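Colleague: Before I ask anything, here is the structure I am working with.
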């Protein structure tokens, strides 16, 4: 895969489309962050993208993301000052300057907002992320899967408070960071770990930014955008139809719910997509069609644009795509951290490409 | 008042009795901390008490306390390792070593536990505190009343997590520290501010440790312990009677409830003491007999030993004492932070010594 070297206004749009698909419904809507990032690029120029191999071993990387309920963050513009407060706390804690930022999760707004944060800080972005997708909880990052102890989690909320957490493990980082986030208004900026480049090697998913850009570029101008996207992802189309039922609630810092899609022009098949910020699993007649950690995206059938979970509406014509996750998530530890049972489903994980043959 | 220079096993007992009275029902039960502090003194010797005026201007003081619901902490022994983790985080944050610890609240267990923490750290205790009593919330400290911006709040929980909060003000410090405490098991060690000795002058209540010791000594061997305590405090005895009703629940990190005391051998008067960790107000026939920030203590009528809110039981023979708070709490800002309205009572504060004449 060809790597991108910077994000300018043109590649920004492709990045946004790609991140929305990789968001698997979560990670926050990309619309507002795209506006903020475009403004940043117009003001201060393109944002440099660096490869991990370009950084010295001791360079400090801050993996950043928003934390909170997308239903809250979609109604708020990204703030300009949290990232400065977060940097100050990070550098104070680490005793040295940050060299680069990284997207903690490439999926959704969290793949786009680092452009704003990097631009504001005058730092490059590492062409990597901590998920290769989006996940709803703090401990669900590749660094944790790779066994790297979490040295620090920093939460900078919109009110101006900064909370620096030294958790004993990833599960505790989720509990305390979530509590700090909810106390601070259910939407905040977070650094999950501060890594040296040396620690990051093998513990992050490299090439994520470039991948998102290529994904976004694949559908632009395509005769059949859905097929172009399916092909680029090597995904399955689990169903194409209409949203006929939707249930969604916000609480404890999460959006949870489910959506039912009825096939159009077929035998009236019904599939149910279950959600905790992200699309977690797809069921049909009690059978699993796909589940975490594999990626599940609900896209507009005509344009192949991904639809985030908080933007799903009754009557939308959608297609549900599923495709394999990064191999790291299929390890025993990866499945313990983000497999179906980590989300309360009493089912074993089966790789999406190996599930039945009843689907398209 | 004569100042004490160290706490040994003998003064420890008096300190415990005095802190229980100043706890106004809260700040945690002193029994378990007294055992832990006695063990520490037997192992490492008496704990030195220093006056603020003895410290250089730039000496760093950590005001420490437990945070959480007394109903939880009463069932747990004080931990030995949180204080080391907290010190490490404090010194990392401040960029220099701590010179002394201080009790954030002299009332209840929080007046006794600093002995254990100081002993473990090999540091002296400053003869001062941040309340002159106990209060249930993080922002209710003299440093906040004095207008000192809260630079940092550090919460070290029993699981081993350390959370360093840079709040924008006292109210936010309460929200986020409470959330971190509840997430970490509803009982934790906290530093509320890290102060230089220069900042502490005028912003803390001096002489608190000595005051608690003298208070505890006043009742030992007295012919009439209740009268000895009342006289030492210059307190009013609002009622002497029997607990005939009690309601208490634990939630959100607090104990809340009320207790009704019926007069014995009198006209059958009933008074109600309302509680949020501490005794907040005393009512009789809809009239206020005393309220925060003045001090209200429920004591055993025979021994004058204070009874903490979580130890109140049906049928206990008790007396309810009330006496004036430190003048700092009677300023406009003091009453805004910890007057009746700060606890949700739609009543104006009247100094306890000026309320009616119907009481003894």
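Protein chains in written order, with the numbering used here: chain A, 139 to 498; chain B, 139 to 498. No residue lacks a Cβ here, since even glycine has one placed at the ideal position from N, Cα and C. These figures come from a predicted structure and were not determined experimentally.
(1) Could you check if residue 366(A) belongs to the surroundings of the ligand MN, using beta carbon to heavy atom distance under 7 Å?
(2) Scan the region 291–315 of chain A for residues whose Cβ lies nearer than 7 Å to a Cβ of chain B and list them as they occur along the chain.
(3) At the level of alpha carbons, what is the spacing between residue 182(A) and residue 257(A)?
(4) Any idea if residue 124(A) is buried or exposed, counting beta-carbon neighbours within 10 angstroms, 16 or more meaning buried?
(5) By alpha-carbon positions, which one of 243(A), 230(A) and 339(A) ends up nearest to residue 301(A)?
(6) Checking 8 Å against the spacing of the C-beta atoms, do residue 429(B) and residue 163(B) come in under that value?
(7) Starting from residue 318(A), find everything on chain B with Cβ-Cβ shorter than 7 Å and list it in chain order.
(8) Since residue 322(A) meets chain B, which of its residues come closer than 9 Å, beta carbon to beta carbon?
(9) Apart from the five residues on each side of it in sequence, which residues of its chain come closer than 8 Å, Cβ to Cβ, to residue 452(A)?
(10) Decide if the region 322–342 of chain A is in contact with the region 195–206 of chain A; the criterion is three or more beta carbon pairs, one per stretch, under 8 Å apart.
(11) For residue 501(A), count neighbouring Cβ atoms within 10 angstroms of its own Cβ and tell me buried if that reaches 16, exposed if not.
(12) Is residue 492(A) helix, strand or coil when you go by DSSP?
(13) Check each residue of the region 230–252 of chain A: if its Cβ is closer than 9 Å to any Cβ of chain B, include it; give the result in chain order.
(14) So is residue 200(B) in contact with chain A if we call contact Cβ pairs under 8 Å?
(15) For residue 349(A), count neighbouring Cβ atoms within 10 angstroms of its own Cβ and tell me buried if that reaches 16, exposed if not.
(16) Helix, strand or coil, according to DSSP, for residue 141(B) in the structure here?
(17) Determine the closest residue to residue 537(B) out of 199(A), 307(A), 314(A) and 275(A), with distance taken between C-alpha atoms.
(18) Could you pull out every residue in the same chain whose Cβ sits closer than 8 Å to the Cβ of residue 489(B), ignoring the five residues on either side in sequence?
(19) Measuring CB atoms only, is the region 287–301 of chain B touching the region 148–156 of chain B, in the sense that at least three cross pairs come out at less than 8 Å?
(20) Let me confirm a value: residue 292(B) is counted as buried when at least 16 other C-beta atoms fall within 10 Å, else exposed. Which label applies?
(21) Need the endpoints of the beta strand (DSSP E) that residue 330(A) sits in, please.
(22) Please name the residue, chosen from 278(A), 437(A), 312(A) and 233(A), that lies closest to residue 354(A) on a Cα-to-Cα basis.
(23) In this structure, does DSSP put residue 386(B) in helix, strand or coil?
(24) What are the partner residues of residue 295(A), as DSSP defines its beta bridges?
(25) In the structure shown, what three-state DSSP assignment does residue 418(B) receive?
(26) Specify the secondary structure class of residue 432(B) as computed by DSSP and reduced to three states.
(27) For residue 311(B), which residues in the same chain have their Cβ closer than 8 Å to its Cβ, ignoring the five residues on either side in sequence?
(28) Sorted by chain position, which residues of the same chain lie with C-beta nearer than 7 Å to residue 270(A)'s C-beta, five sequence neighbours on each side aside?
(29) Check residue 306(B) in the structure and name its three-state DSSP category.
(30) With a CB to CB cut of under 7 Å and the five nearest residues on each side skipped, what residues in its chain are close to residue 368(B)?
(31) Which residue comes first and which comes last in the beta strand (DSSP E) that contains residue 455(A)?
(32) Quick one: residues in its chain with C-beta nearer than 8 Å to the C-beta of residue 265(A), no 5 flanking neighbours on either side, listed in chain order?
(33) When the cut-off is 8 Å and only beta carbons count, does residue 329(B) lie next to chain A?
(34) Counting C-beta neighbours from all protein chains within 10 Å, is the total for residue 450(B) 16 or more, i.e. buried, or is it exposed?
(35) Buried or exposed for residue 195(B), please, with buried defined as at least 16 other CB atoms from any protein chain shown within 10 angstroms of its CB.
(36) Against chain A, with Cβ distances strictly below 8 Å, would residue 175(B) count as a contact?
Modeller: For this structure:
(1) The model on display carries no ligand, and the ligand MN is accordingly not part of it.
(2) Per Cβ criterion, the list reads 297, 298, 299, 300, 301, 302, 303, 304, 305, 306, 310, 313 and 314.
(3) CA-to-CA, the gap between residue 182(A) and residue 257(A) works out to about 7 Å.
(4) Coverage of chain A is limited to positions 139 through 498, which leaves residue 124(A) absent and any answer about it impossible.
(5) Ranking 243(A), 230(A) and 339(A) by Cα distance to residue 301(A) puts 230(A) first.
(6) Not in contact: residue 429(B) and residue 163(B) (Cβ atoms no closer than 8 Å).
(7) Ordered by position in chain B, the residues that pass the 7 Å Cβ test against residue 318(A) are 314, 317 and 318.
(8) Those within 9 Å of residue 322(A) in chain B are 310, 313, 314 and 317.
(9) Only residues of its own chain outside the window of five on either side were considered, and among them 381, 382, 383 and 384 have a CB closer than 8 Å to the CB of residue 452(A), listed in chain order.
(10) Because the criterion of three Cβ pairs below 8 Å is met, the region 322–342 of chain A and the region 195–206 of chain A touch.
(11) This structure does not reach residue 501(A), given that chain A is present from 139 up to 498, and the question cannot be answered.
(12) Helix.
(13) Per Cβ criterion, the list reads 230, 231 and 233.
(14) No, no contact with chain A.
(15) For residue 349(A), the number of other beta carbons within 10 angstroms of its own is at least 16, and it is reported as buried.
(16) Residue state for residue 141(B) is assigned as coil, using DSSP reduced to three classes.
(17) In the structure as shown, chain B starts at 139 and stops at 498, and residue 537(B) therefore has no counterpart that could be examined.
(18) Same-chain partners within the cutoff: 432, 462 and 468.
(19) No: fewer than three Cβ pairs fall under 8 Å.
(20) Buried.
(21) In the DSSP annotation of this structure, the continuous segment of the beta strand (DSSP E) that includes residue 330(A) starts and ends at 325–330.
(22) For residue 354(A), the closest alpha carbon among the candidates 278(A), 437(A), 312(A) and 233(A) is that of 437(A).
(23) In this structure, residue 386(B) counts as strand in the three-state DSSP scheme.
(24) Bridge partners of residue 295(A): 326(A).
(25) Note: residue 418(B) maps to strand in three-state DSSP.
(26) Note: residue 432(B) maps to coil in three-state DSSP.
(27) If we look at residue 311(B) and ignore the five residues flanking it on each side, its Cβ neighbours are 276, 277, 288, 291, 303, 305 and 330.
(28) Closer than 7 Å at Cβ, skipping near neighbours: 244, 343, 346, 463 and 464.
(29) Residue 306(B) falls in the coil class under three-state DSSP.
(30) Within the same chain, Cβ atoms closer than 7 Å to the Cβ of residue 368(B) are found at 375 and 459, the five residues on either side in sequence being excluded.
(31) From DSSP, the beta strand (DSSP E) with residue 455(A) extends over 455–461.
(32) 141, 142, 187, 188, 189, 190, 344, 345, 346, 347 and 348, listed in sequence order.
(33) When Cβ-Cβ separations below 8 Å define contact, residue 329(B) makes no contact with chain A.
(34) Using a 10 angstroms sphere on the CB of residue 450(B), the tally of other CB atoms reaches 16 or more, which defines it as buried.
(35) Its Cβ having fewer than 16 others within 10 Å, residue 195(B) is exposed.
(36) No, its Cβ sits nowhere closer than 8 Å to a Cβ of chain A.
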